[in-house]
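Peer 1: Dumping the structure here so I can ask a few things about it.
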Amino acid sequence: AVGLILPPWTGIAPSLAFVAAIGFVVLQILATRVHLRMGDRKIGLNLGLIVLAGVVSWLATIWV
19 AVGLILPPWT
29 GIAPSLAFVA
39 AIGFVVLQIL
49 ATRVHLRMGD
59 RKIGLNLGLI
69 VLAGVVSWLA
79 TIWV
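Residue numbers 19 to 82, in the numbering used here, belong to the letters of the sequence shown in order.
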């Protein structure tokens, strides 16, 4: 979360927020796959985090 918030706020390497958000999206996609393979169908939180990180990456491209 720090990698998503601090770079745009401080102005120090704001492109890191984009990289962190994309990495988080990939992480959550892989976590969703693991949950589905294990038979756990409660993936709402993972999907919500994917959407939020996607929005953050989109906003990071606007701010950079």
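We put the beta carbon where it would ideally sit given N, CA and C, even for glycine.
Just so we're clear, the structure is a prediction, and the values are computed from it rather than from any experiment.
1) I think ILE61 touches LEU67, with their Cβ atoms under 8 Å apart; what is that distance to the nearest whole Å?
2) Please confirm whether LEU22 and ALA35 have their CB atoms less than 8 Å apart.
3) Quick check on DSSP: helix, strand or coil for GLY29?
4) Residues in the same chain with beta-carbon distance under 7 Å from ALA38, minus the five sequence neighbours each way, listed in chain order, please.
Peer 2: On the basis of the supplied data:
1) Here the question's residue 61 lines up with position 43 in the sequence shown. Here the question's residue 67 lines up with position 49 in the sequence shown. The distance from the Cβ of ILE61 to that of LEU67 is about 10 Å, inconsistent with a contact at the 8 Å cut-off.
2) Here the question's residue 22 lines up with position 4 in the sequence shown. Here the question's residue 35 lines up with position 17 in the sequence shown. For LEU22 and ALA35, yes; Cβs fall inside 8 Å.
3) As a first step, residue 29 is located in the sequence shown; it is residue number 11 there, counting from the start. Look at GLY29 here: in three-state DSSP terms it is coil, with no helix or strand label.
4) By 1-based counting over the sequence shown, the position of residue 38 is 20. Here the set comprises GLY21 and LEU22.
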